[in-house]
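Participant: The opening residue of the sequence shown carries number 969 in the working numbering; numbering runs sequentially from there.
Think of the CB as a built atom: it goes at the ideal place given N, C-alpha and C, for glycine as much as any other residue.
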Amino acid sequence: MPLLVMKFGGTSVADPDRIKNAALKVQREVERGYDVIVIVSAMSGKTNELVGWVEQTSPLFDAREYDAVVSSGENVTAGLMALTLQEMDVPARSWQGWQVPINTTAAYSAARFVDIPRKNIDQKFAEGFRVAVVAGFQGLSPEGRITTLGRGGSDTTAVAFAAAFGAERCDIYTDVDGVYTTDPRITSRARKLDRIAFEEMLELASLGAKVLQTRSVELAMRYKVRLRVLSSFEDTDQNSGTLICDEDEIMESKVVNGVASSRDEAKITLVTVEDRPGISANIFAPLADAGVNVDMIVQNISEKDYEDHPGSVTDMTFSVPINQVERAKRAMEDARQAGHIAYDELVVDTEVAKVSVVGIGMRSHTGVAARMFKALADENVNIKVIATSEIKISVLIDRKYMELAVQALHDAFELEKA
Ligand code: ASP
Ligand code: MG
969 MPLLVMKFGG TSVADPDRIK NAALKVQREV ERGYDVIVIV SAMSGKTNEL VGWVEQTSPL
1029 FDAREYDAVV SSGENVTAGL MALTLQEMDV PARSWQGWQV PINTTAAYSA ARFVDIPRKN
1089 IDQKFAEGFR VAVVAGFQGL SPEGRITTLG RGGSDTTAVA FAAAFGAERC DIYTDVDGVY
1149 TTDPRITSRA RKLDRIAFEE MLELASLGAK VLQTRSVELA MRYKVRLRVL SSFEDTDQNS
1209 GTLICDEDEI MESKVVNGVA SSRDEAKITL VTVEDRPGIS ANIFAPLADA GVNVDMIVQN
1269 ISEKDYEDHP GSVTDMTFSV PINQVERAKR AMEDARQAGH IAYDELVVDT EVAKVSVVGI
1329 GMRSHTGVAA RMFKALADEN VNIKVIATSE IKISVLIDRK YMELAVQALH DAFELEKA
């Protein structure tokens, strides 16, 4: 029988009534002839509550026990979903991660999949069960303990099951009706996309569009799992939501398909760094060791014999998440103390935001950067840092202009038009 994976997020299973609403969607697919693997999150707010209890009990908690506690929310919804389906005469059975088993690494609280043997679930389908309800977000380590996959991890569970079982599609039911050209709270002209390519979705997810865990998109792209994001609160059919798929499935793509923004950015500049081989390595290695997530990097052209500095010097600017500024500063100061780097001053700007345009069409079209910078110039928005990839251009600007910049770019690339 053809197989579908259906994943329901926390707001979609927030109480028994909503679980029933979700179960009706599952029942409809079973009636259409599909076997279904349902992946459930914990009820909304539950995982946060569990994390809070762990931190209150033990601030420097043992990660194995953290996973034992925070994985439990999904066990509740998996059992309730199976019971709800049984009440509707749909043969369903629930599965916790260890029962499948979902084999993962031993990186507690941030585990990664190793493999998902199909045998146990396939056997239940062969016995006549039509639905396997699997607790998302959790797995089993090589030493036989429960692991979790990192926050938002049940999206990734869903994609991993779709890949392992060769599902026709992986439907992610959530509280929005799809993926938008930009955050609809920033501009009412934001438009829901019918389709978007894996690469574009990957950029948007990692740039802060919070619909999907970034890793789930990575995995979907690697295994070519067709992913669909749709609302569990609306009447949906086979064409609802946004399909995230291979670019070959998208006939006509615009040059730019989305504008992403992130306000949680900070910019750090090391002023008058020596300009010689090895200096970038000496700056970015300690940042990496300290777990700082460096995003954009700019090195100025070097100045020869700059005032009282013999030899060449330069300035090095990079951006980091705002909550990592203190960690980054400490890593730089320690490296300076240890004599690995030298700089005159470390300047922090915490009033910045990142705005990006994304589109696979950029690979073959020129002039995207010019159009973007012109649109920002017309609004008098100053660009502080620029970074590009094959399908993305990002700029760092003053945070107070973030919404304005998003609106201007959305208009400039005519994203309101299909
Ligand atoms: N319940 C987990 C979390 O809140 C996993 C998930 O919902 O995806 O992060
Ligand atoms: Mg989620």
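(1) Assign proline 918 to one of two classes, buried (16 or more other C-beta atoms within 10 Å of its C-beta) or exposed (fewer than that).
(2) What is the rounded straight-line gap between the Cα of isoleucine 1140 and the Cα of leucine 1180?
(3) Need the endpoints of the beta strand (DSSP E) that alanine 1321 sits in, please.
(4) Ignore the nearest five residues each way along the sequence and tell me which others in arginine 1163's own chain have a CB closer than 8 Å to its CB.
(5) Suppose you measure from the CA of leucine 1175 to the CA of alanine 1228; what does that come to, to the nearest Å?
(6) Quick one, which of Ala1031, Asp983 and Gly1020 has its alpha-carbon nearest valine 1008's?
(7) Would you check if the distance between the CB atom of valine 1374 and the CB atom of valine 1315 is smaller than 7 Å?
(8) Taking just the CA atoms, how far does glutamine 1054 sit from isoleucine 1089?
(9) Could you check what DSSP says for glutamate 1055 in three-state terms: helix, strand or coil?
(10) Under the three-state reduction of DSSP, which class applies to leucine 1364: helix, strand or coil?
(11) Assuming isoleucine 1462 is part of the beta strand (DSSP E), what are its boundary residues?
(12) Exposed or buried, tyrosine 966, counting other C-beta atoms within 10 Å across all chains shown (16 or more means buried)?
(13) Less than 8 Å between the CB atoms is what I'm expecting for threonine 1052 and lysine 988, so what's the real figure, rounded?
(14) Could you work out which residue in Asp1003, Asp1346 and Ile1328 is closest to leucine 1172 when comparing CA atoms only?
(15) Here's the rule I'm using: 16 or more other beta-carbon atoms within 10 Å means buried, otherwise exposed. How should asparagine 1225 be labelled?
(16) Contact between the stretch 1235-1246 and the stretch 1277-1291: three or more CB pairs below 8 Å?
(17) Is the beta carbon of isoleucine 909 less than 7 Å from the beta carbon of isoleucine 1309?
(18) Whole beta strand (DSSP E) runs in the stretch 1022-1066 with 3 or more residues, listed along the chain?
(19) Where do the ends of the beta strand (DSSP E) carrying arginine 1267 lie?
(20) Between which residues of its own chain and arginine 1367 is the CB-CB distance below 7 Å, once the five residues before and five after are set aside?
(21) Let me make sure I understand the geometry here. Which of Ser1109, Val1058 and Val1102 has the alpha-carbon closest to that of valine 1127?
(22) With distances taken Cα to Cα, identify the nearest neighbour of glycine 1065 among Lys1385, Lys1352 and Pro1085.
(23) Which runs of the beta strand (DSSP E) at least 3 residues long sit entirely within the stretch 1179-1265? Give them in chain order.
(24) Please confirm whether any heavy atom of the ligand ASP lies closer than 6 Å to the CB of phenylalanine 1105.
(25) I think serine 1200 touches lysine 993, with their Cβ atoms under 8 Å apart; what is that distance to the nearest whole Å?
(26) Is the closest heavy atom of the ligand ASP to the C-beta of serine 1012 under 6 Å?
(27) In three-state terms, what does DSSP make of phenylalanine 1399?
(28) Which of helix, strand or coil does DSSP assign to glycine 1107?
(29) Alpha carbon to alpha carbon, what distance is there between aspartate 1257 and arginine 1339?
(30) Exposed or buried, which one is histidine 1333 when buried takes at least 16 other CB atoms within 10 Å?
(31) Checking 7 Å against the spacing of the C-beta atoms, do threonine 1204 and aspartate 1243 come in under that value?
(32) Would you kindly report the start and end of the unbroken alpha helix (DSSP H) that includes arginine 986?
(33) Quick test of the definition: if touching needs 3 or more C-beta pairs under 8 Å, does the stretch 1188-1197 touch the stretch 1119-1135?
(34) Answer yes if the stretch 1292-1303 comes into contact with the stretch 1344-1359, meaning at least three C-beta pairs across the two stretches below 8 Å, and no otherwise.
(35) For alanine 1074, which of helix, strand or coil comes out of DSSP?
(36) Using the three-state DSSP reduction, which class does phenylalanine 1341 fall into: helix, strand or coil?
Facilitator: In short, the structure shows the following:
(1) The displayed coordinates of the chain run from 969 to 1386. Any statement about residue 918 would go beyond what the structure contains.
(2) 9 Å
(3) 1313-1326
(4) Result list for arginine 1163: Thr1210, Leu1211, Ile1212, Cys1213, Glu1217 and Ile1218, in chain order.
(5) Cα-Cα distance, rounded: 6 Å.
(6) Asp983
(7) Going by C-beta atoms, valine 1374 is not nearer than 7 Å to valine 1315.
(8) 17 Å
(9) helix
(10) In this structure, leucine 1364 counts as strand in the three-state DSSP scheme.
(11) No information on residue 1462 is available, as it lies outside the stretch 969 to 1386 that the chain covers here.
(12) What is shown of the chain runs 969 to 1386, which leaves residue 966 out entirely.
(13) 6 Å
(14) When each option's Cα is compared against that of leucine 1172, the closest is Ile1328.
(15) buried
(16) yes
(17) The shown model of the chain, from 969 to 1386, leaves out residue 909, and the question about it has no answer.
(18) 1060-1063
(19) According to the sequence displayed, residue 1267 carries glutamine and not arginine. Run containing glutamine 1267: 1265-1267, per the beta strand (DSSP E) assignment.
(20) Shown here for arginine 1367: same chain residues with a beta carbon closer than 7 Å to its own, the five before and five after excluded, namely Arg1231, Glu1319, Val1320 and Ala1321 in chain order.
(21) Val1102
(22) Pro1085
(23) Look at the stretch 1179-1265 and you find these whole runs of beta strand (DSSP E), each 3 residues long or longer: 1195-1199, 1210-1213 and 1226-1242.
(24) yes
(25) 7 Å
(26) no
(27) Since the displayed the chain opens at 969 and closes at 1386, residue 1399 lies outside it and no answer follows.
(28) DSSP, read as helix, strand or coil, puts glycine 1107 in strand.
(29) 38 Å
(30) exposed
(31) For threonine 1204 and aspartate 1243, no; Cβs fall outside 7 Å.
(32) 984-999
(33) yes
(34) no
(35) coil
(36) Helix at phenylalanine 1341.
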